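S.K.: Provided herewith is a single structure, encoded as structure tokens, for subsequent inquiry.
4 protein chains.
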Amino acid sequence: MSPSEKPEPKFRRRANARPDEVLDAALALFIDQGFARTSVDQVAQRAGISKGAVYLYFPSKEAILAGLVNRTIAPLTDALFDNISRHQGDPRPAIEQFLRMMGKVLTDKRNRAVPLIVIHEAPAAPEIATLFRTAVLDRAIPALSTLLAQGVEGGHIRPIDPELTARTVIGPILAHIIFYEIFGIEPEGGFHLDHLIENHLLILNAGLEPQKG
Amino acid sequence: MSPSEKPEPKFRRRANARPDEVLDAALALFIDQGFARTSVDQVAQRAGISKGAVYLYFPSKEAILAGLVNRTIAPLTDALFDNISRHQGDPRPAIEQFLRMMGKVLTDKRNRAVPLIVIHEAPAAPEIATLFRTAVLDRAIPALSTLLAQGVEGGHIRPIDPELTARTVIGPILAHIIFYEIFGIEPEGGFHLDHLIENHLLILNAGLEPQKG
Amino acid sequence: MSPSEKPEPKFRRRANARPDEVLDAALALFIDQGFARTSVDQVAQRAGISKGAVYLYFPSKEAILAGLVNRTIAPLTDALFDNISRHQGDPRPAIEQFLRMMGKVLTDKRNRAVPLIVIHEAPAAPEIATLFRTAVLDRAIPALSTLLAQGVEGGHIRPIDPELTARTVIGPILAHIIFYEIFGIEPEGGFHLDHLIENHLLILNAGLEPQKG
Amino acid sequence: MSPSEKPEPKFRRRANARPDEVLDAALALFIDQGFARTSVDQVAQRAGISKGAVYLYFPSKEAILAGLVNRTIAPLTDALFDNISRHQGDPRPAIEQFLRMMGKVLTDKRNRAVPLIVIHEAPAAPEIATLFRTAVLDRAIPALSTLLAQGVEGGHIRPIDPELTARTVIGPILAHIIFYEIFGIEPEGGFHLDHLIENHLLILNAGLEPQKG
DNA sequence: AATGAATGAGTTTTCATTCAT
DNA sequence: GATGAATGAAAACTCATTCAT
């Protein structure tokens, strides 16, 4: 208690990094306990601010989740999806590239967490589900479908239903993540999303090969 | 108060019919509103009994869900999974049969509902997730893996990682259901899980074909 | 702590008098502290039940107030207002009777309290204000207006505007109560609403006397 | 930082104009939304200053209301009330003048607003009620009482209780305003406070007329 | 066995007020 | 003087669970 010791100020620094800090805290907590079981108080405490301060940046608890989704979604540019849907010729290299990119992104647990939370909370927060759908699924599925349809038309791949095949393309990744994150099922070799994707591509590429004769 | 005063009712509600009625009520409600937003009161009312009576049969709200999961799981006999894992020769017919059976079962919304609820509630009710995993996933995935490993060994299918390929087998169905049920995404032709499965099998069968030469 | 002492049961008696007990508790508290400054917790405590139990009977805090208004309003039968508006001949005896009845009712502090609370809370609870208006003012003012109009037409009283005169009839009572209850202003002789009314009637009766010639 | 570096702005906001601007903003907001549902932030924003700055001029939200009451009250000089209480002879012309003046003042919604807010907030802010009472009611009622008492004594009006009659004089105006502002009850001809007053005076003047014989 | 009245812990949200800058 | 970020206390409401009857 020497006079030189600076007394803790009641109010901490002012940061305009605050919203991001709140999101960081929220994400960590949501991953641990889920959205519903995390209180705003906990988020605030973990972010090192008061509950009231959280409401300075986010008008509601749900808005925090929306912020999280938005932050995760933001890097998904139109260019990304346009590239896929505008691809000409054999779709398989484009699919490979797409899946490997997904693999890279989703290898980071923090990126996997957001879609999972959305899935968990969809019944309680349908607007968030819509937000995610609009920003991700409604762009990715049509892009893949277009890519595949073009491949069928050009005879580059076997004639399949493009829209349904999009589920064959993406589904295994979804299953892998859900098995691991929700049910704690880990393959012998570990989570390694890249392994899954390479194995999946092996089958997918061969499976799409046009029949001879 | 002699026993002759009150005539025995001709039909007395058998107490052991009650738990099932509760589960029926709960399932209908959970499908409609989700587990979290359904109150025990609602379940009781729909089952035609009092809230207190529900607790006579189930010690907690979560136990109702567990009961639901158990009832849904019960038909999955060991024989079913044994058949798959003991299959010899080309695994593809067995996979076809397995997927078509899944397709039949999961075409009924009531059967889709339980796994979906489990997924939604997993963070809040991990024991239920475990229950489901143990009874379903921990049996289905190894069975498929064994089946595939045997196929690889016998040269009936291309050399792939059996455990990871199990995700390629199942994943598209999971994706289809999640897209539809959670995000409201319906393919142009409608939900039709059987279409999805036939399209998927087309690719999968070709994709597993052993390479010539 | 003798064994014969009955341990306090956790749950008290079940009464269907409960809603009324809640209203009693609420009224006392609202008189003391006002509606806004009274918490549901306080109401519950005063009623000797838990907060949750209050919500068993009233879906919201505002509903408690509505219940209070309704209970106070209930005795005002249609017959009462019909009597006034159907009166024929000199309106003054009817007015006398009406004001004296009001005086009797409003001499009870508990009856005065409800309109006052409504006035205080009108900006925060406009539906309650509407409830009160519909049940009381929209019946009393037209009844008085009709009575006065008939009196004017029959030449029993001086030609005045019936609707505005209704305010002259009622206003002094309102002023008396507001001065006393809100501002703590007490006439030298004490609150005595009946004195006020007699004095008011003296002036009112003379003031309505038709001009001679 | 020499004084010459920063040129004096030609027009500098005079700090002492600020409190009045705050009051203006507050009044407008209070009329619109009521005192309780107006936040200090809103007042600050409307006044074009920061929330903190409001607290430079007013130590609390309640103090803003007090300031508003004071500003409204200020024009009520002692002379005004002295005139009334010192009046000799028939009190009726003085009462007429008084009521017409009230009518003029209260025809402006902004002037009606302050007493109404005081009435609404009295349970939450008793000191403000006291402030209003002391400055207005404790001067007006005695003044009227004195005036009436003198009129009775001089035989200019019928023998009535002066203090209670003061309520008969003022009450109809209060009723008219409360009916209109709080309950939204408008006479057929519109609010027109002056009509109410003229009608009231007709009755009042006749009602105070000393009895013949 | 059955009821349903009662409990009470838990959560989001608001906002007057403070104070570091 | 002025700002506005931050605080923290308060309060309504929900509902799984309990238990007297």
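Residue numbers (UniProt numbering), protein chains in the order written: chain A, 1 to 213; chain B, 1 to 213; chain C, 1 to 213; chain D, 1 to 213.
Using N, Cα and C, we set each Cβ at its ideal position, and we do this for glycine too.
Note that the coordinates shown come from a computational prediction; the quantities given were computed from them, not determined experimentally.
(1) Can you pull the chain B residues whose beta carbon is under 7 Å from the beta carbon of Ala175 (chain A), in chain order?
(2) Going by other Cβ atoms of all chains shown within 10 Å of its Cβ, with 16 needed for buried, is Ser39 (chain B) buried or exposed?
(3) Below 6 Å CB to CB, which residues in the same chain sit around Lys61 (chain A) once its five sequence neighbours on both sides are set aside?
(4) Can the beta-carbon of Arg112 (chain D) be found closer than 8 Å to that of Ile177 (chain D)?
(5) At which residues does the alpha helix (DSSP H) containing Ile119 (chain B) begin and terminate?
(6) With a Cβ-Cβ cutoff of 8 Å, do Ala175 (chain D) and Arg110 (chain C) count as a contact?
(7) Taking the Cβ atom as the reference point for each residue, do Arg133 (chain D) and Phe81 (chain D) lie within a distance shorter than 8 Å?
(8) Find the residues of chain C that neighbour Leu137 (chain D), judging by a C-beta separation of less than 8 Å, and give them in chain order.
(9) Thinking just about the alpha-carbon of each residue, which of A:Ala53, A:Gly190, A:Gly34 and A:Asp32 is nearest to the one in Glu21 (chain A)?
(10) In chain D, which residues lie with their C-beta within 8 Å of the C-beta of residue 228 (chain C)?
(11) CB-CB under 7 Å to Val114 (chain C), same chain, minus the five flanking residues each way: which ones, in chain order?
(12) Determine whether the beta carbon atoms of Phe179 (chain B) and Ile170 (chain B) lie at a separation below 8 Å.
(13) Assign Ile185 (chain B) to one of three DSSP states: helix, strand, or coil.
(14) Please report the Cβ distance between Leu65 (chain B) and Ile117 (chain B), rounded to the nearest whole angstrom; I am assuming they are in contact, meaning their Cβ atoms lie under 8 Å.
(15) By alpha-carbon positions, which one of D:Glu96, D:Val152 and D:Leu148 ends up nearest to Glu198 (chain D)?
(16) Would you say His156 (chain B) reaches chain A, if we count a Cβ-Cβ gap shorter than 8 Å as a contact?
(17) Can you name the start and end residues of the alpha helix (DSSP H) that Leu76 (chain D) belongs to?
(18) Please identify the residue among A:Glu181, A:Leu29 and A:Glu153 whose C-alpha is closest to the C-alpha of Ala44 (chain A).
(19) Name the two residues that bound the continuous alpha helix (DSSP H) containing Phe30 (chain C).
(20) Does DSSP put Lys212 (chain A) in a helix, in a strand, or in coil?
(21) Apart from the five residues just before and just after Ile128 (chain C), which ones in its own chain have a Cβ nearer than 7 Å to its Cβ?
(22) Can you give me the C-alpha to C-alpha distance between Leu144 (chain B) and Leu137 (chain A), rounded to a whole angstrom?
(23) Determine the DSSP secondary structure at Asp138 (chain A), reduced to helix, strand or coil.
(24) Count the other CB atoms, across all protein chains shown, that sit within 10 Å of the CB of Leu56 (chain C); report buried if there are 16 or more and exposed otherwise.
(25) Distance, Cα to Cα, Leu208 (chain D) vs Glu163 (chain C)?
(26) Which residues bound the alpha helix (DSSP H) around Pro172 (chain B)?
(27) Rank D:Leu131, D:Leu193, D:His200 and D:Ile49 by C-alpha distance to the C-alpha of Gly103 (chain D) and give the top, closest one.
(28) Kindly indicate the opening and closing residues of the alpha helix (DSSP H) around Gly52 (chain A).
(29) Among B:Asn205, B:Ile49, B:Phe58 and B:His195, whose alpha-carbon lies nearest the alpha-carbon of Thr107 (chain B)?
(30) Tell me whether Ala206 (chain B) sits in a helix, a strand or coil according to DSSP, three-state version.
(31) Whose Cβ in chain C lies nearer than 7 Å to the Cβ of Gly207 (chain D)?
(32) Tell me which residues share the same chain as Lys6 (chain B) and place their Cβ nearer than 6 Å to its Cβ, disregarding the 5 neighbours each side in the sequence.
(33) Is Asn199 (chain B) close to chain A? Criterion is C-beta to C-beta, closer than 8 Å.
(34) Under 9 Å Cβ-Cβ, which residues of chain B neighbour Leu196 (chain A)?
(35) Pro59 (chain D): which of D:Pro19, D:Ala74 and D:Val105 sits nearest, CA to CA?
(36) I'd like to check one pair, Pro210 (chain B) with Gly155 (chain B): are the Cβ atoms closer than 8 Å?
M.R.: Here's the rundown:
(1) In the first sequence, counting from the first residue as 1, residue 175 (chain A) sits at position 175. The answer, in chain order, is Arg167, Ile170, Gly171 and Leu174.
(2) Residue 39 (chain B) sits at position 39 when you count from the first residue of the second sequence. The Cβ neighbour count for Ser39 (chain B), taken over all protein chains shown within 10 Å, is under 16; the residue is labelled exposed.
(3) Within the first sequence, the letter at position 61 stands for residue 61 (chain A). Val40.
(4) Here residue 112 (chain D) refers to the residue found at position 112 of the fourth sequence. Here residue 177 (chain D) refers to the residue found at position 177 of the fourth sequence. Yes; because the gap between Cβ atoms is below 8 Å, this pair is in contact.
(5) Here residue 119 (chain B) is taken as the residue at index 119 of the second sequence, counted from 1. Counting along the chain, Ile119 (chain B) sits inside the alpha helix (DSSP H) bounded by residues Lys109 to Glu121.
(6) As a position in the fourth sequence, residue 175 (chain D) is number 175, starting the count at 1. As a position in the third sequence, residue 110 (chain C) is number 110, starting the count at 1. Against a cut-off of 8 Å, the Cβ pair of Arg110 (chain C) and Ala175 (chain D) comes out as no contact.
(7) Along the fourth sequence, one-based indexing puts residue 133 (chain D) at 133. Along the fourth sequence, one-based indexing puts residue 81 (chain D) at 81. No; because the gap between Cβ atoms is not below 8 Å, this pair is not in contact.
(8) Here residue 137 (chain D) refers to the residue found at position 137 when the fourth sequence is read from its first residue. Against chain C, the beta carbon of Leu137 (chain D) has neighbours under 8 Å at Phe179, Phe183 and Ile185, listed in chain order.
(9) In the first sequence, counting from the first residue as 1, residue 21 (chain A) sits at position 21. The candidate whose alpha carbon is nearest that of Glu21 (chain A) is A:Ala53.
(10) A question about residue 228 (chain C) goes unanswered here, because the residues of chain C that appear run from 1 up to 213.
(11) Within the third sequence, residue 114 (chain C) is the residue found at index 114, counting from 1. Hits under 7 Å: Leu68, Val69 and Thr72.
(12) What you label residue 179 (chain B) is simply residue 179 of the second sequence in a count that begins at 1. What you label residue 170 (chain B) is simply residue 170 of the second sequence in a count that begins at 1. In this structure, Phe179 (chain B) keeps its C-beta atom at 8 Å or more from the C-beta atom of Ile170 (chain B).
(13) The residue you call residue 185 (chain B) lines up with position 185 of the second sequence. Three-state DSSP puts Ile185 (chain B) in coil, outside helix and strand.
(14) Taking the second sequence and counting its residues from 1, one reaches residue 65 (chain B) at position 65. Taking the second sequence and counting its residues from 1, one reaches residue 117 (chain B) at position 117. Beta-carbon to beta-carbon, Leu65 (chain B) and Ile117 (chain B) are separated by about 7 Å, close enough to satisfy the 8 Å threshold.
(15) One-based indexing of the fourth sequence puts residue 198 (chain D) at position 198. Ranking D:Glu96, D:Val152 and D:Leu148 by Cα distance to Glu198 (chain D) puts D:Glu96 first.
(16) Within the second sequence, residue 156 (chain B) is the residue found at index 156, counting from 1. Answer no: the Cβ-Cβ gap between His156 (chain B) and chain A never drops below 8 Å.
(17) Here residue 76 (chain D) is taken as the residue at index 76 of the fourth sequence, counted from 1. Taken as a continuous stretch (DSSP letters only), Leu76 (chain D) belongs to no alpha helix (DSSP H), as it is neither H nor E.
(18) On the first sequence, position 44 is the one that residue 44 (chain A) refers to. Shortest Cα-Cα distance from Ala44 (chain A) to any of A:Glu181, A:Leu29 and A:Glu153 involves A:Leu29.
(19) Residue 30 (chain C) sits at position 30 when you count from the first residue of the third sequence. Where Phe30 (chain C) is concerned, the enclosing alpha helix (DSSP H) stretches over Arg18 to Gln33.
(20) Your numbering for residue 212 (chain A) matches position 212 in the first sequence. DSSP places Lys212 (chain A) in coil when its eight states are reduced to three.
(21) Here residue 128 (chain C) refers to the residue found at position 128 when the third sequence is read from its first residue. Result list for Ile128 (chain C): Glu62, Leu65, Ala66, Val69, Val118 and Glu121, in chain order.
(22) As a working mapping, residue 144 (chain B) is identified with position 144 in the second sequence. As a working mapping, residue 137 (chain A) is identified with position 137 in the first sequence. If I take the Cα positions, the gap works out to 29 Å.
(23) Locating residue 138 (chain A) in the first sequence gives position 138, counting from the first residue. Residue state, collapsed to three classes: helix.
(24) The residue you call residue 56 (chain C) lines up with position 56 of the third sequence. Leu56 (chain C) comes out exposed.
(25) The residue given as residue 208 (chain D) occupies position 208 in the fourth sequence. The residue given as residue 163 (chain C) occupies position 163 in the third sequence. Each residue's Cα considered, the two are about 22 Å apart.
(26) For the purposes of this step, residue 172 (chain B) is taken as the residue at position 172 of the second sequence. Where Pro172 (chain B) is concerned, the enclosing alpha helix (DSSP H) stretches over Pro162 to Ile177.
(27) Along the fourth sequence, read from residue 1 onward, the residue named residue 103 (chain D) stands at position 103. Of D:Leu131, D:Leu193, D:His200 and D:Ile49, the smallest CA-CA separation from Gly103 (chain D) is found for D:Leu193.
(28) Here the question's residue 52 (chain A) lines up with position 52 in the first sequence. Lys51 to Tyr57 is the span of the alpha helix (DSSP H), which, as asked, contains Gly52 (chain A).
(29) Counted from its first residue, the second sequence places residue 107 (chain B) at position 107. Of the listed residues, the one whose Cα sits closest to Thr107 (chain B) is B:His195.
(30) As a first step, residue 206 (chain B) must be located in the second sequence, where it is residue number 206. For Ala206 (chain B), the secondary structure class from DSSP, reduced to helix, strand or coil, is helix.
(31) As a working note, residue 207 (chain D) is residue 207 in the fourth sequence. Correct list: Ile203, Leu204, Ala206 and Gly207.
(32) For this step, residue 6 (chain B) is matched to residue 6 along the second sequence. Here Lys6 (chain B) scores only 43 on pLDDT, less than 50, and its place in the model is too uncertain to base an answer on.
(33) Stepping through the second sequence from its first residue, residue 199 (chain B) is reached at position 199. It does: the Cβ of Asn199 (chain B) has a partner Cβ on chain A nearer than 8 Å.
(34) Position 196 of the first sequence, counted from the start, is the residue given in the question as residue 196 (chain A). Counting only Cβ-Cβ distances below 9 Å, Leu196 (chain A) has contacts in chain B at Asp161, Leu164, Arg167 and Thr168, in chain order.
(35) On the fourth sequence, position 59 is the one that residue 59 (chain D) refers to. The residue with the shortest Cα to Cα distance from Pro59 (chain D) is D:Pro19.
(36) Taking the first residue of the second sequence as 1, we reach residue 155 (chain B) at position 155. Taking the first residue of the second sequence as 1, we reach residue 210 (chain B) at position 210. Yes, the pair counts as a contact, with Cβ atoms nearer than the cut-off.
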